[in-house]
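Input: a single structure, listed below in structure tokens.
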Amino acid sequence: MSITVPVVENVLKVNDEIALLNRRNFNDAHVFVIDLIGAPGAGKTALLELMLDQLAGIVRVGVVVGDPATSRDGQRLARFTRHVVQVNTGHGCHLDANQVRQAITKLPLAELDILVIENVGNLICPVGFDLGQHAKVGLFSVSEGDDKAAKHPHLVLTANVLLLNKIDLLPYVPFDVPRFREDVRHLNQVAPLMEVSVARRQIDPWTQWLLAQAGRPQSSATS
Amino acid sequence: MHEMSIAMELLTLIESRMPPHATLEAAQVRIGPMHGVVAEAMQWAWRTVVSEKGWPQARLLIDTPPWQLQCPACRRQWQPQTIDELCTCGHLEAKLVGGDEFLLLSIDVVLPPDNAAQQPAMSSTGVL
Ligand SMILES: Nc1nc2c(ncn2[C@@H]2O[C@H](COP(=O)(O)OP(=O)(O)OP(=O)(O)O)[C@@H](O)[C@H]2O)c(=O)[nH]1
Ligand SMILES: [Mg+2]
Ligand SMILES: [Zn+2]
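Chains B and H, in that order, give the protein sequences.
Under my numbering, read the first sequence as residues 421 to 643, first letter to last.
Under my numbering, read the second sequence as residues 49 to 176, first letter to last.
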């Protein structure tokens with residue numbers, strides 16, 4: 421006998437429930453957590469390396485880094501902090517709340533001020549999966565082309581901050597910054613858009629923003 | 049790639065809603081264009097995950113709702129071709145009110161005969 425069972429439920433419900441638990445742990449430990457999302461090669465790990473270097477002695481930063489198969493990013497970051505956990509996602513193309521939940525058992529959350537989760541290099545897939553972060557950061561780069569914000573509305577719509585990296589390449593590659601800004605503004609009128617260059621070690625607006633958020637009571641940054 | 053994760057997530061939710069020992073025949077889902085799901089890739093991923101569970105016959109019916117924008121100035125609601133379309137009144141900041149859905153709507157299942165208190169026909173494999 422065949423029957424139809426009505427369900428009408430959000431498919432990401434299970435993930436969202438675990439994300440909620442993560443967020444509670446983060447709040448209890450007073451650690452500000454960001455989910456860093458960007459295309460492969462946009463400079464996520466490079467940004468983290470520079471941040472860890474510049475923020476050393478000012479705030480304590482931990483990292484969870486997702487990678488499909490290797491531990492290379494984890495090794496790069498381990499030169500700057502002891503608090504790195506590498507998660508291999510295998511055939512999954514994004515981190516989910518449960519993977520983050522496992523990863524943070526290996527970190528002394530209460531000893532950290534900021535936790536950065538480097539998501540798997542991908543602009544579509546990680547966006548729908550809440551990890552329990554306080555802020556979602558979308559990283560674009562000049563070498564990807566100026567149409568990427570318009571082509572990836574989900575990320576732009578839900579990001580709390582947008583970064584445009586590799587602006588040192590502007591003299592060499594065609595990239596219309598005003599047009600990119602306009603595309604972003606159509607979709608998201610609230611999130612600041614910051615131009616940075618990790619190669620030139622110019623990421624000040626970003627670190628300032630981060631320090632301001634981390635200094636704030638977590639409840640105000642959380643919904 | 050992306051579709052595989054979605055298929056796995058979907059099956060997790062479906063399993064939690066299945067009556068005991070039932071067999072899955074079909075699932076109806078609504079996935080808005082925001083999730084960037086490619087129908088063909090999604091069907092392929094679905095086939096893979098349900099086959100692993102021992103329900104190779106289970107079908108996936110995908111309903112794709114359109115983008116919906118609403119203008120905060122003139123209240124006009126419309127279905128744009130692309131998500132960055134402007135309102136005809138010239139207002140710049142239309143709000144997204146549809147296209148981001150990701151819902152499991154219903155599942156069709158076959159129940160075992162009443163007196164079949166034995167093993168389910170399709171014990172889950174756990175093999176990758
Ligand atoms: N010119 C230039 N190159 C940069 C900049 N930032 C990063 N890169 C280079 O971009 C390449 C990719 O950087 P990664 O940090 O590995 O990128 P990622 O986003 O972590 O990549 P995945 O983890 O593989 O997704 C490296 O060769 C970096 O040196 C920048 O500001 N300017
Ligand atoms: Mg990386
Ligand atoms: Zn209007």
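Where a beta carbon is used, it is the ideal one built from N, C-alpha and C, also for glycine.
Per DSSP, B/I534 is paired with what? Per DSSP, the beta bridge partners of B/I534 are B/F452 and B/V481.
What residues from chain H crowd round B/N435, counting only those whose CB sits closer than 7 Å? The contacting residues are E57.
If you follow the beta strand (DSSP E) that B/M614 is in, where does it begin and where does it stop? Counting along the chain, the beta strand (DSSP E) containing B/M614 begins and ends at L613 to E615.
Determine which residues share a DSSP beta bridge with B/I457 and list them. In DSSP, B/I457 forms a bridge with B/G558.
In chain order, what residues of the same chain have a beta carbon less than 7 Å from the beta carbon of B/V547, not counting five sequence neighbours either side? Its chain contains I457, H574, L575 and T578 as the residues whose beta carbon lies nearer than 7 Å to that of B/V547, once the 5 sequence neighbours on both sides are disregarded; these appear in chain order.
Could you work out which residue in B/D550, B/A569, B/R605 and B/T490 is closest to B/Q519 when comparing CA atoms only? Ranking B/D550, B/A569, B/R605 and B/T490 by Cα distance to B/Q519 puts B/D550 first.
Any idea which residues DSSP pairs B/V425 with across the strands? DSSP output for B/V425 lists H/I155 as bridge partner(s).
Paired residues, beta bridge with H/F150 - DSSP: For H/F150, which the question treats as bridged, DSSP gives the partners H/I79.
Does the beta-carbon of B/D493, which I'm using as the reference point, lie nearer than 7 Å to any heavy atom of ligand 2? Between ligand 2 and B/D493, a heavy atom-to-CB distance of less than 7 Å is present.
Any C-beta of chain B sitting closer than 8 Å to the C-beta of H/Q99? First, the residue type needs correcting, since residue 99 of chain H is Ser and not Gln in the sequence shown. No - not a single Cβ of chain B is within 8 Å of the one on H/S99.
At a Cβ threshold of 8 Å, is H/I110 touching chain B? Among the residues facing chain B, H/I110 is not included, as its CB has no counterpart in that chain under 8 Å away.
Taking Cβ to Cβ, would you say B/D588 is nearer than 8 Å to B/A569? Cβ atoms of B/D588 and B/A569: not closer than 8 Å.
Closer than 6 Å from C-beta to any heavy atom of ligand 5: which residues, in chain order? For the structure depicted, ligand 5 is absent and the ligand set comprises only ligand 1, ligand 2 and ligand 3.
Would you mind listing the alpha helix (DSSP H) stretches within the segment 95-120 of chain H that are 4+ residues and don't spill past its ends, in chain order? For secondary structure counted as the alpha helix (DSSP H) over 4 or more consecutive residues, the segment 95-120 of chain H holds no complete run.
Where the beta strand (DSSP E) through B/L582 begins and ends: Segment V581 to N585, the beta strand (DSSP E) holding B/L582.
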